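This report refers to the structure that appears directly beneath it.
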């Protein structure tokens, strides 16, 4: 691969930008790129990255697929987990089961709406987001926010194996599973197939609807897992804690080299995209500027970074 | 018999082709009737005035969103533009002493700010070909940053001349009705312009529009500029309604504007739709919210019922609209 092709590889671009940003952060505030700090960054990135795994599948599946409801599912899952475990380790298995089922259920609703009723994903998941936000209000009136079990908090923040906390290992495992799923399984190939040309895939005998429903269910499940981890990270859940993941999860996917048109890309890039986005946000909280300046720099930097990634084709006659 | 059924469905189809907002109008009528049934006062002049006063901003923002959706684009920064223009005009009016003249000057500056924001979005999405969803999300962060710079905390009051006019009466008729009438005339005239035709042509098939000689990029940029301008108009209404400046006031409105566009029968894929539908869509959202209140839903359940009702309306609208076009 020559140099020109290499710099067009989104993963290479993302990794290079990560190194540049880390160096820049270290220059701004010495100690920014210390191992302990990087570990902390990776934990935050893992939360975003797990949400982005589901988002990645939905986007790969094409048909302008995006899932705007992930933020709502993250919030809901955090509150369900907090109540099912209510600070006790023994409640963790039930909490995981309950959350995954909740995420899968809302993913299933999305998937059914998108396939059976052929509602555009953006519309369906936008409507579902409204429902989830309403549901959160109801739940928060009736029950306390719940607490994370000690083992869950340890899993997210304390070293587990080779000095890395469990959540990092979980993220790596998700990365490996996603890579295998997308490149080595029939399911993965079908996701790309319906993403690049749904009609052709249908003609070739791909169960388009079933695959698309599965994609949305997985998106809900990943968001639910992220919600559990988020509870472990923050100790207790609070209102709309997941909202911060809605659009950033899409940006992580785009920065990872999966265009919103679907059909190409992968999760390895998305992981790098999640790390990139997290480092950028972290640098902005490190430097001493107003919230206004922070937002302006963040927005401008996102725009700037987007120029590195697959821009649309120019019109040709 | 079968023949008759076919002609009648063909007629319906032709009606839908010309007036894609018919399902929205029907939903709107039903909601109005239900509102009137549960709370007779809500369909009185006072009730309707209150509804229009509160939701005029969302109507305008939905109209704003429609122009880019025509061309198959989307603008997730409309809410941030509302916040920015709101802060700019409130601070400016305060600075200029809060006179009627200052209000006029602020409106001029506000329109210029909206135009500039739209131009930035248009250049990024159409000229530089960034993906609309993520690019306009990024600009929304940027615009919010500027709004926070201009007015770091919410609560700076707008001059009384501004909100008294907006909430007041002129010749015994509420001011917002004049605004609504002027708006209706503008939209009616706009719908016949070459720009709207071209936006729809680009949304229908950009490649074919390009091949038939349309300046696709310039048209899409103009769509974003229109969106910016109408977002500024929405900001004036927000300012008139809330009577203060708030750097985050528009944030929640963005996704509602998209929902209103879809409720109005406009296709997000572009090439098909009306601004009138989007106005109806915004009113549908407003009427759902008030109906949920009037039927006596316990306060903690209101958001959920609203969310469910909007989801069902969205789904029904998409399905009926497609049935009619298929």
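Protein chains in written order, with my numbering: chain A, 139 to 455; chain B, 115 to 440.
Positions of the beta carbon are idealized from the N, C-alpha and C atoms, including for glycine.
Computed from a predicted structure; not experimentally measured.
Label residue i either buried or exposed according to how many other C-beta atoms from any shown protein chain fall within 10 Å of its C-beta, with 16 as the threshold for buried.
i, result
"residue 428/A", "exposed"
"residue 303/B", "exposed"
"residue 404/B", "buried"
"residue 256/B", "buried"
"residue 113/B", "Here chain B comprises residues numbered 115 to 440, so residue 113/B is not present and cannot be evaluated."
"residue 325/B", "exposed"
"residue 327/B", "exposed"
"residue 433/A", "buried"
"residue 137/B", "buried"
"residue 122/A", "There is simply no residue 122/A to check, as chain A begins at 139 and stops at 455 in what is shown."
"residue 388/B", "buried"
"residue 307/B", "exposed"
With a threshold of 8 Å on Cβ separation, who are the neighbours of residue i within its own chain once the five nearest residues in sequence on each side are excluded?
i, result
"residue 169/B", "396, 397, 399 and 400"
"residue 188/B", "179, 182, 246, 247, 250, 372 and 382"
"residue 310/B", "181, 184 and 304"
"residue 432/B", "376"
Can you pull the DSSP bridge partners for residue i?
i, result
"residue 284/B", "287/B"
"residue 285/A", "374/A"
"residue 359/B", "270/B"
"residue 302/A", "299/A"
Within the same chain, show all residues whose beta-carbon is closer than 6 Å to that of residue i, passing over the 5 residues directly before and after it, in chain order.
i, result
"residue 266/A", "207 and 248"
"residue 390/B", "135"
"residue 411/A", "152, 390, 393 and 394"
"residue 238/B", "244 and 249"
"residue 309/A", "184 and 187"
"residue 448/B", "Here chain B covers residues 115 to 440 and nothing more, so residue 448/B does not appear."
"residue 129/B", "none"
"residue 380/A", "209, 212 and 213"
"residue 408/A", "190, 194, 390, 391 and 394"
"residue 419/B", "406 and 411"
"residue 347/A", "253"
"residue 365/B", "193"
"residue 263/A", "205, 206, 207 and 248"
Give the residues of chain B in contact with residue i, contact being defined as C-beta atoms less than 7 Å apart.
i, result
"residue 429/A", "262"
"residue 275/A", "414, 417 and 418"
"residue 159/A", "Neighbours of residue 159/A on chain B: none; closest Cβ ~16 Å, over 7 Å."
"residue 264/A", "369, 372 and 373"
"residue 279/A", "414"
By Cβ distance, which residues of its chain are closer than 7 Å to residue i, with the 5 residues on each side in sequence left out?
i, result
"residue 131/B", "none"
"residue 185/A", "364, 367, 368 and 371"
"residue 276/B", "207, 217, 353 and 354"
"residue 161/B", "155"
"residue 121/B", "Any reading at residue 121/B must be qualified, since the residue scores a pLDDT of 49, below 50, and its modelled position is unreliable; no value is offered."
"residue 408/B", "149, 152, 153 and 156"
"residue 362/A", "211, 215, 237, 238, 240 and 241"
"residue 227/B", "198, 199, 202 and 346"
List the residues of chain B whose Cβ lies closer than 8 Å to the Cβ of residue i, in chain order.
i, result
"residue 196/A", "Those do not exist, as residue 196/A stays about 13 Å from chain B at its closest Cβ, beyond 8 Å."
"residue 453/A", "320, 321, 324, 330 and 331"
"residue 251/A", "429"
Quick one: which chain A residues come within Cβ less than 8 Å of residue i?
i, result
"residue 432/B", "255, 256, 257, 258 and 261"
"residue 420/B", "268 and 272"
"residue 210/B", "In chain order: nothing, as chain A lies at least about 22 Å away."
"residue 436/B", "256"
"residue 397/B", "Those do not exist, as residue 397/B stays about 17 Å from chain A at its closest Cβ, beyond 8 Å."
"residue 142/B", "Near residue 142/B there are no residues of chain A at all, since even the closest Cβ is about 18 Å away, more than 8 Å."
Find the residues of chain A that neighbour residue i, judging by a C-beta separation of less than 9 Å, and give them in chain order.
i, result
"residue 249/B", "440, 441 and 444"
I want to verify the contact list: residues of chain B whose CB lies under 9 Å from the CB of residue i, in sequence order.
i, result
"residue 204/A", "247"
Does any heavy atom of the ligand MG sit closer than 8 Å to the C-beta of residue i?
i, result
"residue 367/B", "Absent from the structure shown: the ligand MG. Ligands present: none."
key: Contacting positions in the region 318 to 333 of chain B - beta carbon closer than 8 Å to chain A   = 320, 321, 324, 325, 330 and 331
query = Got a sec: which bits of the region 415 to 441 of chain A sit with their beta carbon under 9 Å from any beta carbon on chain B, in order along the chain?
reply = 428, 429, 430, 431, 432, 433, 434, 435, 436, 437, 438, 439, 440 and 441
query = Name the residues in the region 257 to 289 of chain B whose C-beta lies less than 9 Å from a C-beta of chain A; which are they?
reply = 257, 258, 259, 260, 261, 262, 263, 264 and 266
request  = Output, in sequence order along the chain, the residues in the region 370 to 389 of chain B whose CB is closer than 8 Å to any CB in chain A.
outcome  = 372, 373, 376, 382 and 383
Chain A contacts made by the region 290 to 316 of chain B, where a contact means CB separation under 7 Å = none
ask   = For the region 230 to 255 of chain B, which residues have a beta carbon sitting closer than 8 Å to at least one beta carbon of chain A?
value = 238, 242, 243, 244, 245, 247, 248, 249, 251, 252, 253, 254 and 255
ask   = Which residues, in chain order, does the region 161 to 187 of chain A contribute to contact with chain B at a C-beta distance below 8 Å?
value = none
key: Near-chain B residues of the region 373 to 397 of chain A - C-beta to any C-beta below 8 Å   = 385, 388, 389, 392 and 397
task = Compile a chain-ordered list of the residues in the region 218 to 248 of chain A whose CB is closer than 8 Å to at least one CB of chain B.
result = none
ask   = What residues in the region 188 to 203 of chain B bring their beta carbon closer than 7 Å to a beta carbon of chain A?
value = none
message = Under 8 Å, CB to CB, which of the residues in the region 148 to 180 of chain B have a partner in chain A?
response = none
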